[in-house]
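For reference, each letter of the sequence shown is one residue, going 45 to 97 in my numbering. Contents: one structure, followed by commentary.
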Amino acid sequence: MKKISNEILKRAVIAGASAVLKSKREHPNDSEEEILKRIILDCGPIANKIGFD
């Protein structure tokens with residue numbers, strides 16, 4: 045596993061929080077669990093492409 049810099053981790057947290065808020069606005073009746081599952085599934089292929097799995 046590659047070492048990830050603090051700056052990249054900070055950006056990832058901000059991007060994740062933004063994705064949660066956007067998903068909550070688009071799907072207001074979804075549970076937090078459903079929203080998190082959707083975001084994790086969306087992020088998986090991206091992480092695999094850059095080698096941070």
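C-beta: ideal position from N, C-alpha, C; glycine also.
Go through its chain and collect everything with a Cβ distance to residue 79's Cβ below 8 Å, but skip five positions before and after it.
Within the sequence shown, residue 79 is the residue found at index 35, counting from 1. 64, 67, 68, 71, listed in sequence order.
Using the C-alpha atoms, what's the distance from residue 61 back to residue 86?
Within the sequence shown, the letter at position 42 stands for residue 86. Within the sequence shown, the letter at position 17 stands for residue 61. Looking at the two C-alpha atoms, the distance is approximately 14 Å.
Residue 73 by DSSP, collapsed to three states: which one?
Position 29 of the sequence shown, counted from the start, is the residue given in the question as residue 73. In this structure, residue 73 counts as coil in the three-state DSSP scheme.
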